[in-house]
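Data first, discussion second: the structure below is written as structure tokens.
There are 2 protein chains.
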Amino acid sequence: MVLDSSPAYSAGPRTTPTRLAERARYDRAAVHAILDADYICHLGFVADGAPVVLPTMYARVGERLYLHGSTGSRPLHAARECLRVCVTVTLNDGVVLARSAFHHSINYRSVMAHGIAHRVVDEQERRMALDALVNAPFPGRADDCRPPTPKELAKTAVIRLDLADVSAKVRTGGVGDDPEDLGLPHWAGVVPTTRGFAPPVTDDQGTGPVTAPVPDYVRQAL
Amino acid sequence: MVLDSSPAYSAGPRTTPTRLAERARYDRAAVHAILDADYICHLGFVADGAPVVLPTMYARVGERLYLHGSTGSRPLHAARECLRVCVTVTLNDGVVLARSAFHHSINYRSVMAHGIAHRVVDEQERRMALDALVNAPFPGRADDCRPPTPKELAKTAVIRLDLADVSAKVRTGGVGDDPEDLGLPHWAGVVPTTRGFAPPVTDDQGTGPVTAPVPDYVRQAL
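The listed protein sequences derive, respectively, from chains X and V. One gets the working numbering by counting positions in the first sequence from 1 and adding 638 to each. One gets the working numbering by counting positions in the second sequence from 1 and adding 638 to each.
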């Protein structure tokens, strides 16, 4: 599946930053790690000449991103042929409070993937992708739920974006104040963000003979 | 500043969902509350015919969104005249694990704002917007740091998007399994997400006579 197995993506016109070039990353491991740390992306496409940015789930499998949705949704409908997209994933790691307003910043990791998204038609790949999407927040879940029926599958479209024209941008570290501001009396520092899960709320509609306990693959993520 | 002071935005062709219409919200209070709960948006625009989705900070002031960046950055440069944008803000509130793969979902609140962004040229509005951006994560910060110098201001561009063609989408609540699946033995429920701040890390480069304590406006957010 990996057409280019070099350890880094190639910088192209779309992935070469016009500024803050030191924040750009092209190595596959760094890009994959960011993509694997979340499951909500922002999908950009052009509709009637105007940009649209849609939050949606994604899953990475090797060098491919998979997204899904109703066959009736706008981008998935358009992607029957092909759809030019930009998929962006962003993790906010903290707020950087500098002594100067100008040097306030955010610590973040983001990935931007450009390319042509295609509808997945191969039924085996489609099922694999849907499993990957169900597994994205809690790996293991796809094997612990009822698989989709043919009718449900017919309502669901999957699109694929090959990771090729892709780069990451990362800001880490501390305050970037200018030396002449270090004596100012304002507090400066980084306030890291946290993200996690609260205790699960079990659905009370169950009518089965078994009241299943919260599964291990959920407990482990808490 | 508010041209249309009705309690709701008008649904237009871009903000009328093609599906899951019950998740759409147009009332200003709901839209404002979502926008005010975060400070990182995804800015979509079209460059050379292709979509670009850029994570960036924003601040809401009344019925306007302000974004900023280097005057050299692509969208801010393009917005000297005007730039068609879609600004999307998304809060992930939890993962919905249904008994059926098909009904897995995410609880979320999102706002999508479409329109033409313009560069702010009025110096007073620009300063106000920059203060709002510094205040976005921690209200009160703009008054407790060194204001921008003329040179810094010259490097910084601010763009404005009026909130008019805007809607929210919200999914809340529990599992949406079909009645015939309620007897299945798989655990089902919602795993709420949490987000917050970790203890601040004070910058150790300070050379001033005063070691400022972590300010109240940061402590209150922890």
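For every residue, glycine included, the Cβ atom is placed at its ideal position computed from N, Cα and C. It should be emphasised that the depicted structure is a prediction, and the values quoted were computed from it without experimental measurement.
Nearest candidate by alpha-carbon position, reference residue i, set the options
{"i": "T845(X)", "options": "D665(V), L820(V) and Q762(V)", "result": "L820(V)"}
{"i": "P823(X)", "options": "V734(V), T787(V) and D841(V)", "result": "D841(V)"}
{"i": "K650(V)", "options": "G814(V), D803(V), L860(V) and E818(V)", "result": "The amino acid occupying residue 650(V) in the given sequence is Gly; Lys does not appear at that position. Checking every option, the nearest Cα to that of G650(V) belongs to D803(V)."}
{"i": "A774(V)", "options": "H741(V), M695(V), R737(V) and L735(V)", "result": "M695(V)"}
{"i": "R722(V)", "options": "V691(V), Q762(V) and D782(V)", "result": "V691(V)"}
{"i": "S644(X)", "options": "E763(X), R657(X), E660(X) and D665(X)", "result": "D665(X)"}
{"i": "P786(X)", "options": "D800(X), L771(X), D731(X) and I797(X)", "result": "L771(X)"}
{"i": "V796(V)", "options": "V828(V), G707(V) and T849(V)", "result": "G707(V)"}
{"i": "G700(X)", "options": "L799(X), G827(X), K807(X) and P817(X)", "result": "L799(X)"}
{"i": "R647(X)", "options": "L658(X), H670(X), R657(X) and T656(X)", "result": "The identity of residue 647(X) in the sequence shown is Tyr, whereas the question assumes Arg. Of L658(X), H670(X), R657(X) and T656(X), the residue nearest in Cα terms is H670(X)."}
{"i": "Y677(V)", "options": "S738(X), P655(X), V733(X) and P713(X)", "result": "V733(X)"}
{"i": "E818(X)", "options": "A668(X), H741(X) and A659(X)", "result": "H741(X)"}
{"i": "A859(V)", "options": "P788(V), H715(V) and P837(V)", "result": "P837(V)"}
{"i": "H680(X)", "options": "V829(V), L735(V), L729(V) and A667(V)", "result": "L729(V)"}
{"i": "R764(X)", "options": "A659(X), L705(X), T849(X) and G682(X)", "result": "L705(X)"}
{"i": "A685(V)", "options": "Q762(V), R712(V), D674(V) and A675(V)", "result": "R712(V)"}
{"i": "S738(X)", "options": "A668(V), A716(V), Q762(V) and K789(V)", "result": "K789(V)"}
{"i": "A659(X)", "options": "A659(V), E761(V), G710(V) and F683(V)", "result": "G710(V)"}
{"i": "H715(V)", "options": "V839(V), R698(V), T794(V) and T654(V)", "result": "T794(V)"}
{"i": "V829(V)", "options": "G687(V), S743(V) and V839(V)", "result": "S743(V)"}
{"i": "I754(X)", "options": "T849(V), P689(V) and L791(V)", "result": "P689(V)"}
{"i": "N745(V)", "options": "L791(X), V839(X) and Q762(X)", "result": "V839(X)"}
Start and end residues, beta strand (DSSP E) containing residue i
{"i": "V699(V)", "result": "A697 to V699"}
{"i": "P830(V)", "result": "G827 to F835"}
{"i": "Y746(X)", "result": "S743 to R757"}
{"i": "R857(X)", "result": "Element bounds for R857(X): not the beta strand (DSSP E) but the alpha helix (DSSP H), D854 to R857."}
{"i": "D665(X)", "result": "Here D665(X) belongs to no beta strand (DSSP E), and DSSP marks it neither H nor E."}
{"i": "A878(V)", "result": "Lying before the first or after the last residue shown, residue 878(V) is absent from chain V, which here runs from 639 to 860."}
{"i": "G795(X)", "result": "Sequence check: residue 795(X) is Ala here, not Gly. That run of the beta strand (DSSP E) goes T794 to D800."}
{"i": "C724(X)", "result": "L721 to L735"}
Limits of the alpha helix (DSSP H) - the one that residue i falls within
{"i": "D819(V)", "result": "Here D819(V) belongs to no alpha helix (DSSP H), and DSSP marks it neither H nor E."}
{"i": "L768(X)", "result": "E761 to N773"}
{"i": "V804(V)", "result": "It is not in any alpha helix (DSSP H) - V804(V) instead sits in the beta strand (DSSP E) that spans D803 to R809."}
Cβ-Cβ separation, residue j to residue i (assumed contact under 8 Å), whole Å
{"i": "R652(V)", "j": "H752(V)", "result": "5 Å"}
{"i": "C720(V)", "j": "H756(V)", "result": "6 Å"}
{"i": "W825(V)", "j": "P777(X)", "result": "With 8 Å as the limit, W825(V) and P777(X) do not qualify as a contact, their Cβ atoms being about 15 Å apart."}
{"i": "T759(X)", "j": "A806(X)", "result": "The identity of residue 759(X) in the sequence shown is Val, whereas the question assumes Thr. No, V759(X) and A806(X) are not in contact; Cβ-Cβ is about 30 Å, not under 8 Å."}
{"i": "V808(V)", "j": "R663(V)", "result": "6 Å"}
{"i": "L634(V)", "j": "R702(V)", "result": "A query on residue 634(V) cannot be resolved here, the shown segment of chain V reaching from 639 to 860 and no further."}
{"i": "I672(V)", "j": "R747(V)", "result": "5 Å"}
{"i": "G682(V)", "j": "G682(X)", "result": "5 Å"}
{"i": "G827(X)", "j": "L735(X)", "result": "6 Å"}
{"i": "P851(X)", "j": "T726(V)", "result": "Actually they do not touch by this definition, with Cβ atoms about 37 Å apart."}
{"i": "D674(X)", "j": "R698(X)", "result": "6 Å"}
Heavy atom of the ligand NAP within 7 Å of residue i beta-carbon
{"i": "A751(X)", "result": "This structure lacks the ligand NAP; in fact it carries no ligand of any kind."}
Would you call the stretch 820-835 of chain X and the stretch 833-845 of chain V touching, i.e. three or more CB-CB distances under 8 Å? yes
For the stretch 676-718 of chain X, which segments carrying the beta strand (DSSP E) assignment without a break, of at least 3 residues, lie completely within its bounds, in sequence order? Counting only runs of 3 or more, we get 678-685, 688-699 and 702-708.
Pairs of beta-carbons, one from the stretch 779-786 of chain V and one from the stretch 807-816 of chain V, closer than 8 Å: are there three or more? no
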